[in-house]
Structures are given as C-alpha cells and as structure tokens.
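Heads up: the protein sequence lines correspond to chains A and B, in order.
170 is the number that the working numbering gives to position 169 of the first sequence; each next residue is one higher, with no gaps.
185 is the number that the working numbering gives to position 184 of the second sequence; each next residue is one higher, with no gaps.
For each residue, glycine too, the CB sits at the ideal point set by N, CA and C.
Right, one structure below, let's go through it.
There are 2 protein chains.
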Amino acid sequence: MATQMQAARDGKITDAMKIVAEKEHQTAESIRERVARGTVAICANVNHKNLVPAGVGEGLRVKVNANIGTSSAFPDIEPELKKLDEAVRSGADAVMDLSTGDDIDESRRQIIDHSPVMIGTVPIYQATVDAIKERGAVVDMTEDDILRTIEKHAKDGSDFLTMHCGLTRAAIERLRREGRIMDVVSRGGSFITGWMLHNEKENPFFSRFDDILDICEKYDVTISLGDGLRPGCLADATDRAQITELLTLGDLTQRAWERGVQVMVEGPGHMPFDQIATNMKLEKSVCHGAPFYVLGPLVTDIAPGYDHITAAIGGTLAAVSGADFLCYVTPAEHLALPTIEDVHDGVMASRIAAHAADIVRKVPGAMEQDIAMAKARKRLDWPEQMRLAIDPELAKKKRGARNDEDAEACSMCGDYCAVKIVNKYMDEK
Amino acid sequence: MATQMQAARDGKITDAMKIVAEKEHQTAESIRERVARGTVAICANVNHKNLVPAGVGEGLRVKVNANIGTSSAFPDIEPELKKLDEAVRSGADAVMDLSTGDDIDESRRQIIDHSPVMIGTVPIYQATVDAIKERGAVVDMTEDDILRTIEKHAKDGSDFLTMHCGLTRAAIERLRREGRIMDVVSRGGSFITGWMLHNEKENPFFSRFDDILDICEKYDVTISLGDGLRPGCLADATDRAQITELLTLGDLTQRAWERGVQVMVEGPGHMPFDQIATNMKLEKSVCHGAPFYVLGPLVTDIAPGYDHITAAIGGTLAAVSGADFLCYVTPAEHLALPTIEDVHDGVMASRIAAHAADIVRKVPGAMEQDIAMAKARKRLDWPEQMRLAIDPELAKKKRGARNDEDAEACSMCGDYCAVKIVNKYMDEK
Chain A
2 MATQMQAARD GKITDAMKIV AEKEHQTAES IRERVARGTV AICANVNHKN LVPAGVGEGL
62 RVKVNANIGT SSAFPDIEPE LKKLDEAVRS GADAVMDLST GDDIDESRRQ IIDHSPVMIG
122 TVPIYQATVD AIKERGAVVD MTEDDILRTI EKHAKDGSDF LTMHCGLTRA AIERLRREGR
182 IMDVVSRGGS FITGWMLHNE KENPFFSRFD DILDICEKYD VTISLGDGLR PGCLADATDR
242 AQITELLTLG DLTQRAWERG VQVMVEGPGH MPFDQIATNM KLEKSVCHGA PFYVLGPLVT
302 DIAPGYDHIT AAIGGTLAAV SGADFLCYVT PAEHLALPTI EDVHDGVMAS RIAAHAADIV
362 RKVPGAMEQD IAMAKARKRL DWPEQMRLAI DPELAKKKRG ARNDEDAEAC SMCGDYCAVK
422 IVNKYMDEK
Chain B
2 MATQMQAARD GKITDAMKIV AEKEHQTAES IRERVARGTV AICANVNHKN LVPAGVGEGL
62 RVKVNANIGT SSAFPDIEPE LKKLDEAVRS GADAVMDLST GDDIDESRRQ IIDHSPVMIG
122 TVPIYQATVD AIKERGAVVD MTEDDILRTI EKHAKDGSDF LTMHCGLTRA AIERLRREGR
182 IMDVVSRGGS FITGWMLHNE KENPFFSRFD DILDICEKYD VTISLGDGLR PGCLADATDR
242 AQITELLTLG DLTQRAWERG VQVMVEGPGH MPFDQIATNM KLEKSVCHGA PFYVLGPLVT
302 DIAPGYDHIT AAIGGTLAAV SGADFLCYVT PAEHLALPTI EDVHDGVMAS RIAAHAADIV
362 RKVPGAMEQD IAMAKARKRL DWPEQMRLAI DPELAKKKRG ARNDEDAEAC SMCGDYCAVK
422 IVNKYMDEK
C-alpha cells in the first residue's frame with residue numbers, strides 16, 4: 002500500500018486528501034500537490050482504523066496537540082483515557098501518548114482505539130522503560146530493542162512517531178563546547194544522550210535511519226524528527242548545538258522524502274521572543290518547507306503555573322512565522338503531571354494561539370469567526386456571542402455568575418455600555 | 002511647584018527621579034534626561050502623598066496597570082478596595098479607578114489614600130454619571146461640568162488622567178466613512194461621541210485643551226491621551242479613523258510638552274497580530290517617543306473567558322515593539338465586572354507579557370531572573386524554583402497537589418527525568 006506521499010506523487014487523490022480538502026475549504030488537488038512536495042503531512046497510519054484524517058502544514062489551519070500518558074508517579078491508564086476524551090472535546094487535533102507507566106502497550110492501544118484524532122507516540126520512552134526493567138539500565142538497551150519498539154508502535158497504528166534522529170555525536174560535541182545551563186531537557190534526548198555517552202556509539206536513530214524508513218513506509222507512519230537538543234531555558238536558545246541538530250534534521254527530511262515517507266520537524270522550546278521568527282524561518286529553509294511542530298516556545302522561564310500562557314505567546318509568533326503544529330503546554334508544566342483541568346486549559350490556550358495565527362496566515366474561515374463575533378457584540382446578542390466563543394461553556398459560566406440573565410449589557414459597564422450609547426447616538430444622526 | 006518635566010528641563014534631579022533610578026538600576030541623570038525629553042513619564046501627583054513613584058517609558062521596565070472600580074451593577078466600594086490590595090500584592094505597577102457606581106468621589110479618594118502605586122482615573126466617567134443624575138442625560142453635560150470634574154480628580158491626587166482629547170469631529174467624520182463593524186467601544190469615547198453628535202459641537206477635551214493643561218500643570222498630573230476610536234474588533238483595526246485620532250494625539254503631546262505637562266498616549270485594542278508592530282512604531286514616530294500605554298492588544302475576538310491570554314499574546318509583541326505600559330485585561334473581559342480572582346489572573350498574565358518583553362528590551366535585571374530559574378532547575382532545587390516563580394503561591398500549590406514533598410523530580414517524568422539522567426551521564430564522561 003502506498004504512503005500518502007507516494008500516492009500524491011503518482012497523481013492520486015486519496016480519500017484522506019479529500020477529507021482534508023473539505024475540512025480546510027480547499028481543493029483536493031492543491032492538497033495532493035502539497036503532500037507530494039512534503040510541505041503538508043497527513044499523519045494517518047494504515048492501522049489507525051477510526052481516524053478522521055487531518056493535514057499539517059503549508060496553507061492549512063494550524064493544528065494543536067495535547068500530550069497525555071502515564072508516568073511512574075501516576076501509572077494508571079484510566080485517568081489518561083479521560084484526558085484523551087477531554088482533549089478531543091476541547092478541540093485538540095492530535096494527542097500524543099507519552100506513557101512511561103505500568104502497561105505502556107495497553108495504554109497506547111487503548112488510546113489509539115479510542116481516538117478519532119491522530120495519535121503520536123515516542124518509541125524511545127518505552128524502549129527505555131523496558132530496558133531498565135529487563136536489562137537494569139537505559140545504557141544496556143540494544144539497537145534491536147529500539148527497532149523492535151518502533152515496529153510495535155507502527156503496527157499498533159501510531160500516526161506519527163517522535164524520533165530524535167538528528168542527535169548525533171557531532172551535535173553532542175557542540176553541546177559540550179557551548180557550555181549550556183540546562184544541557185538536554187528533551188526526555189527522549191536525555192535517554193539517547195546517556196546511551197551514546199556511556200556506550201561511545203552513534204545514535205541508533207541516526208545510524209539505523211534506513212531501517213526506520215522501512216518501518217514507516219510500510220504503515221505510512223509520519224516521522225516527527227525530534228529535537229533532542231532543544232533549549233530548556235532562554236539562555237540556551239539558538240546555539241550551535243541546536244542548529245547543528247536542525248541541519249541534520251534537514252538532511253534526514255530529504256532522505257525520508259526520497260523514500261516517500263512523510264516528515265514533520267520538531268522545534269523549540271524555551272526562547273526569547275525576538276529569536277522565534279528567525280528559528281521558524283531557519284527551519285523552513287533548511288528543511289525545505291517540511292511542516293514544523295513546536296513545543297511552546299516559552300518566552301520566559303519564570304512562570305511555572307502559567308506556562309500555557311508563556312507557550313501561547315510564543316506559539317502565536319511561531320505559527321505566524323511558519324510553525325504549522327503547536328504542542329500544547331499546560332499550567333502544570335515544570336511542576337507535575339497535568340490534571341484533566343490542566344489538559345483543558347492547555348488545549349484552549351494553544352487553540353487561541355493557533356487561531357490568532359490562522360488569521361494572519363489568511364486560513365480560509367478564520368477571520369470570518371471574528372467578524373461574526375464582532376457583529377454579535379454590536380447587536381448585544383448574548384446567545385450568539387456565547388455560541389461563537391471558543392469555549393462556550395466557560396463564557397456562559399463567567400457571564401452567568403455576574404449578570405442578570407436578561408441584562409442587555411454586561412455588569413462591567415452596566416448602564417454606561419459604550420455599544421448601547423453609540424448605537425443610540427450614531428443612529429440618531 | 003514645578004512638574005517633573007519642568008524640573009528635569011531645569012537640570013534638577015528630583016526625589017522621584019532618584020527613586021525611579023534606583024528601582025530601575027539606572028543613573029538618576031539618565032532618568033532626568035528622558036523625563037526632560039518626555040520619553041519617560043513619572044506619574045506622581047503632588048497630592049498623592051503615600052505614592053512610591055515609578056517611571057513609564059524608554060528603557061524602563063514595562064509597567065502593568067490593573068483596572069478596578071464600581072459599576073451600576075456592582076456599586077459597592079468595599080470589594081474594589083480589596084481588588085486594589087490584590088492588584089498591588091500581585092505586582093501591578095498602577096491601578097485605574099474606573100468607578101461609575103454610587104459614590105465616585107469617595108471611592109476615588111479611598112483608592113488614592115490606600116495606594117502606594119500610581120492611580121489613574123477617567124474624569125469623563127464621573128462627569129457622565131453626574132450629568133445623567135443631575136441633568137437627565139449625558140448630552141446635557143456642559144463643558145464646565147467636565148472641567149470641574151477634571152480639577153476635582155487632579156486635586157484629589159490622581160497621578161494620571163485618561164482624557165480622549167483627540168476624538169475630534171474630523172475623526173468622527175472619518176469613522177462614519179469607514180463603515181466599521183463596532184464603531185466606538187471606548188466607554189469615554191462613546192460618551193463624548195454621543196455628546197458631540199447630539200450637540201453638534203467639537204469635543205471639549207480638544208477645544209478646552211489649554212484649560213486642561215492649566216489644571217494638569219498645577220498638580221503635575223500626567224495626561225494619558227485616550228484613544229476613543231480604538232478598534233473594538235480585529236476587522237476595525239488600523240483604519241483611517243483610528244490613525245486620524247492618533248495624529249491629533251501627536252499634536253496634543255507636543256502642546257502638553259511645551260507647557261511642561263507629562264504625557265502618555267493610549268493605544269489599541271483589538272488587532273490582528275501582524276498589525277501590532279506597525280501600530281507601535283507609528284505611535285512612537287508621530288508622538289515623538291511619548292510613552293505608549295496599550296489595552297491588549299487582543300489578537301482574536303472569539304475568546305471571551307480567556308482575554309487575559311489574548312491580551313498577553315498581543316501585549317508581549319506590543320511591548321517588544323515599543324509599548325511601555327500594559328493595561329491588563331482579565332478573564333472577565335466582554336462578560337462581566339471582574340472578581341478578585343480575575344484581577345489576580347489579569348495582573349499575572351500582563352506581568353508575564355511585560356517580563357517577556359523586558360528580556361528583549363534588555364531591561365537591567367530581567368534576563369538574570371530567567372538565568373537564576375534555569376540554574377535552579379538544573380540543580381533540581383525546588384525551594385529555589387518556587388521562590389523565583391512569578392507567582393510562588395500558585396507554583397507551590399500546583400506542585401504540592403501532585404508530588405511527594407521530598408520528590409527529587411516532578412510527577413510528569415518521575416524516574417525518567419531528563420535533567421536527572423543528563424546530570425548523571427554528562428558528569429560520568
């Protein structure tokens with residue numbers, strides 16, 4: 002069975018392309034053309050049966066991912082399935098299962114089975130947990146352990162796999178010379194770095210990249226090229242280590258595309274606001290327009306408890322400057338595994354960033370939502386304002402708590418509502 | 002008694018300038034020089050006795066304002082005094098009393114008396130409420146009513162007064178030709194527009210500007226030139242009506258400076274993200290570097306309940322591009338008068354935006370906070386991370402709820418903490 006990219010290059014418009022075209026108010030042919038070039042990825046594993054396909058990339062609505070998954074401190078699957086439901090209900094376009102808890106196979110399979118949105122997973126997490134359990138230490142993991150885990154995730158229906166393939170010995174050498182404050186903060190990146198340093202070997206995700214492509218081609222898994230050296234604090238941003246890895250990700254993007262395997266590239270991280278646009282344009286240039294998937298960027302390090310906001314600030318500028326896919330950050334980041342409320346708040350903040358960027362990117366249908374809201378405000382049409390709100394439930398709750406149900410204005414201005422007054426006197430003349 | 006600006010031009014370094022210099026880690030002479038030019042305003046009414054002066058403008062830390070005040074729906078003063086305390090406790094640099102409730106004189110006086118931070122008020126609000134009570138309609142207000150109210154606010158110790166002096170008949174004519182969706186959403190702007198349309202007269206804040214300068218000079222009140230025609234939705238942004246008013250604000254800035262009266266200029270509003278930088282640079286240019294005080298800008302209209310986030314997104318870019326003073330927007334915006342929790346959340350979101358911009362503006366001491374946090378994270382030093390957090394109380398609460406007290410890592414990664422692993426293997430080699 003051909004991958005979406007292979008089909009596109011053969012001039013075929015797949016069912017997935019048709020669905021994406023309809024949802025994005027664009028022509029199927031224009032989607033096909035972008036999938037063929039690689040600037041749009043349709044992450045749709047042939048084994049993810051109940052998926053409603055979505056596209057990520059050039060000219061499309063900016064997508065939002067929610068990370069869920071068990072940890073050693075919270076190993077139960079049940080709360081994570083509830084988070085999946087909450088993420089989808091809140092409007093997430095994708096969910097990543099980052100489980101490192103008790104039964105990783107089971108949690109992944111249940112999440113994929115339950116999910117209508119694309120699912121991403123990170124095989125190195127499971128390979129590491131298994132290696133520690135079975136062999137005693139992450140550094141005793143074998144290359145074949147890793148490849149077997151990748152194959153298992155692909156076979157189970159993961160639509161995209163995050164793999165830190167560009168974290169080479171050369172990049173680690175640059176990292177050492179940089180003298181970073183935080184070194185490596187990517188979880189997968191830290192496992193691989195530990196393994197590479199201890200074993201004095203090249204990164205298996207890099208050295209065995211052709212074997213990985215075989216697996217991804219077979220199931221049409223999109224490779225999400227992870228940035229193991231993403232900066233973990235503002236002071237470490239845009240350094241030579243980070244850019245060394247990015248250049249390798251550009252090389253690997255090209256190799257994957259030559260095989261017809263779809264690619265996304267992952268990006269930072271923590272970063273001063275004025276470095277974000279440069280980073281986005283650099284990725285787009287050296288990775289030949291591959292869809293860019295960013296975590297944040299967080300524009301300050303000092304706001305734990307509010308990192309959904311620091312990420313929304315950075316994410317908006319990132320998406321305006323080229324990023325196509327925003328990984329949410331929840332208010333629990335840097336503090337704890339998120340609760341279900343954190344999942345909701347994280348998705349909403351990222352959706353706001355994505356939508357604000359969609360307006361600038363002139364995505365069909367985006368600005369129209371804001372115009373409809375403005376018109377409802379001008380008419381003081383409260384039911385319509387609630388309907389058009391990004392989170393109608395919250396808007397209704399906040400209004401209801403502090404207003405009479407039939408109030409014409411709101412309790413902030415009451416009798417002195419600007420809209421009421423201007424409607425009166427502008428009409429009078 | 003000389004205004005700060007008059008003293009600065011006479012080469013005098015006032016006590017207020019010394020305090021500002023110390024707080025900003027800069028020399029008093031450099032503060033004096035900027036006050037003399039008008040690019041820094043020290044809003045310090047001679048009658049605000051317990052004020053700790055602060056500066057707004059070029060090269061200084063970006064400041065945050067919190068709006069409080071009674072409304073017809075919530076007329077009591079008591080909750081507003083609690084909001085003042087909460088705003089100051091949360092780190093607001095200024096508070097505006099926007100009261101339109103029962104006893105406006107009393108609420109203003111109590112708020113000024115209680116406040117160590119600069120206080121702004123909007124005389125047209127009170128003049129309107131009084132006109133409706135005493136004369137039956139806003140349109141029956143007289144020019145002398147307005148001037149008397151301005152004098153009263155100045156005498157009571159308001160540090161800055163928002164006055165919509167640039168909302169001229171010419172600007173309203175442009176507004177009509179534009180065919181906006183929302184017309185006027187500024188509350189003060191709507192009162193004045195109604196008055197002007199009904200009475201077919203020029204805006205008294207414009208025609209009596211010299212009389213207003215007399216009052217402001219006497220008490221060293223900083224004029225905050227309000228933008229009555231600020232866009233109330235994305236579709237209305239950066240139109241000819243808005244820019245017509247801005248050009249007049251530039252003229253008036255010059256006239257005020259000629260008299261030694263300090264000025265800030267107020268700005269939008271609702272605005273697509275890609276128009277924000279242009280708006281900031283335009284204000285700085287046509288108002289000759291006057292401090293810029295912005296409300297938002299909100300980068301989408303569809304997120305009622307989350308407008309502290311939409312404002313933080315726009316506010317960061319605004320402050321990076323030249324804005325010096327951010328008026329907070331709370332989660333209650335467009336829905337209701339804020340609660341005390343909304344005040345807290347609004348201040349925090351704006352402080353994050355201001356700080357993210359301070360890093361880019363290279364404000365002394367800003368980046369150092371992020372570096373200290375990064376180093377504490379690298380050491381897994383949790384007490385220090387909590388201490389350095391912008392909201393230590395929230396950070397502790399969120400961490401405490403989902404972690405064992407003595408846990409080395411956090412419950413997101415637990416045993417698989419990237420920092421722990423890298424610290425181990427980077428040190429090993």
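{"Check": "Selection of the stretch 411 to 430 of chain B by Cβ proximity to chain A, strictly under 9 Å", "Outcome": "Cys411, Ser412, Met413, Cys414, Gly415, Asp416, Tyr417, Cys418, Ala419, Val420, Lys421, Ile422, Val423, Asn424, Lys425, Tyr426, Met427, Glu429 and Lys430"}
{"Check": "Straight-line gap, B:Asp435 to B:Ser187 (C-alpha atoms, nearest Å)", "Outcome": "The first residue shown for chain B is 2 and the last is 430, placing residue 435 of chain B beyond what the model contains."}
{"Check": "Cβ-Cβ separation, B:Leu168 to B:Thr194 (assumed contact under 8 Å), whole Å", "Outcome": "7 Å"}
{"Check": "Within-8 Å CB hit, B:Gln370 to chain A", "Outcome": "yes"}
{"Check": "Delimiting residues of the alpha helix (DSSP H) encompassing A:Lys153", "Outcome": "Glu144 to Asp157"}
{"Check": "Per-residue DSSP class, three states only, for A:Thr317", "Outcome": "helix"}
{"Check": "Backbone CA spacing between B:Arg362 and B:His356 [nearest angstrom]", "Outcome": "9 Å"}
{"Check": "Where B:Thr129 meets chain A, residues with beta-carbon distance less than 7 Å", "Outcome": "Tyr417"}
{"Check": "Closest residue to A:Lys399 among A:Met387, A:Asp407 and A:Glu409 (Cα-Cα distance)", "Outcome": "A:Met387"}
{"Check": "8 Å Cβ cutoff, B:Ala375 in contact with chain A", "Outcome": "yes"}
{"Check": "Paired residues, beta bridge with B:Lys64 - DSSP", "Outcome": "B:Phe326"}
{"Check": "Range of the contiguous beta strand (DSSP E) that encloses B:Ser225", "Outcome": "Thr223 to Leu226"}
{"Check": "Near-chain B residues of the stretch 263 to 277 of chain A - C-beta to any C-beta below 7 Å", "Outcome": "Pro273, Phe274 and Asp275"}
{"Check": "Sufficient close CB pairs (3 or more, under 8 Å) joining the stretch 145 to 154 of chain A to the stretch 166 to 184 of chain A", "Outcome": "no"}
{"Check": "Positions along the stretch 100 to 123 of chain B whose CB lies within less than 7 Å of some CB in chain A", "Outcome": "Thr101"}
{"Check": "CA nearest to the CA of A:Leu248, picked from A:Leu230, A:Cys234 and A:Arg260", "Outcome": "A:Leu230"}
{"Check": "Proximity below 8 Å, CB of B:Ile113 to CB of B:Gly158", "Outcome": "yes"}
{"Check": "Pair within 8 Å by beta-carbon distance, A:Met6 and A:Gln255", "Outcome": "no"}
{"Check": "Beta-carbon separation (whole angstroms), B:Leu336 vs A:Cys418, contact threshold 8 Å", "Outcome": "No, B:Leu336 and A:Cys418 are not in contact; Cβ-Cβ is about 13 Å, not under 8 Å."}
{"Check": "First through last residue of the alpha helix (DSSP H) which encompasses A:Val348", "Outcome": "Ile341 to Arg362"}
{"Check": "Residues of the stretch 192 to 213 of chain A whose Cβ lies closer than 7 Å to any Cβ of chain B, in chain order", "Outcome": "Phe192, Thr194, Gly195, Leu198 and His199"}
{"Check": "Candidates A:Val300, A:Arg38 and A:Gly12, of which the one nearest A:Pro481 by Cα", "Outcome": "Lying before the first or after the last residue shown, residue 481 of chain A is absent from chain A, which here runs from 2 to 430."}
{"Check": "Pairwise C-alpha distance: B:Tyr329 and B:Ala132", "Outcome": "29 Å"}
{"Check": "Contact list for the stretch 304 to 318 of chain B against chain A, Cβ threshold 9 Å", "Outcome": "Ala304, Pro305, Gly306, Tyr307, His309, Ile310, Thr311, Ala313, Ile314, Gly315, Gly316, Thr317 and Leu318"}
{"Check": "Contact between the stretch 340 to 359 of chain B and the stretch 39 to 46 of chain B (3+ Cβ pairs under 8 Å)", "Outcome": "no"}
{"Check": "Span of the beta strand (DSSP E), counted from its first residue to its last, around B:Leu1", "Outcome": "Absent from the model: residue 1 of chain B. The displayed extent of chain B is 2 to 430, so no value can be given."}
{"Check": "Proximity below 8 Å, CB of A:Ser225 to CB of A:Gly366", "Outcome": "no"}
{"Check": "Coarse secondary structure for A:Asp382, derived from DSSP in three states", "Outcome": "coil"}
{"Check": "Interface flag, B:His356 vs chain A, CB-CB below 8 Å", "Outcome": "yes"}
{"Check": "Simplified DSSP state of A:Ala132, which is helix, strand or coil", "Outcome": "helix"}
{"Check": "The ligand COA heavy atom lying under 7 Å from the CB of A:Glu284", "Outcome": "With respect to the ligand COA, the structure offers nothing, as it holds no ligand at all."}
{"Check": "Distance, B:Pro205 Cα to B:Arg136 Cα", "Outcome": "18 Å"}
{"Check": "Bridge partners - A:Leu296, DSSP secondary structure assignment", "Outcome": "A:Cys328"}
{"Check": "Member of B:Arg378, B:Asn46, B:Asp103 and B:Glu385 whose CA lies at the smallest distance from the CA of B:Ser424", "Outcome": "In the sequence under discussion, the amino acid at residue 424 of chain B is Asn, which differs from the Ser named in the question. Ranking the options by Cα distance to B:Asn424, first place goes to B:Arg378."}
{"Check": "8 Å Cβ cutoff met for B:Val295 and B:Gly268", "Outcome": "yes"}
{"Check": "CB of B:Ile372 within 8 Å of CB of A:Pro273, strictly", "Outcome": "no"}
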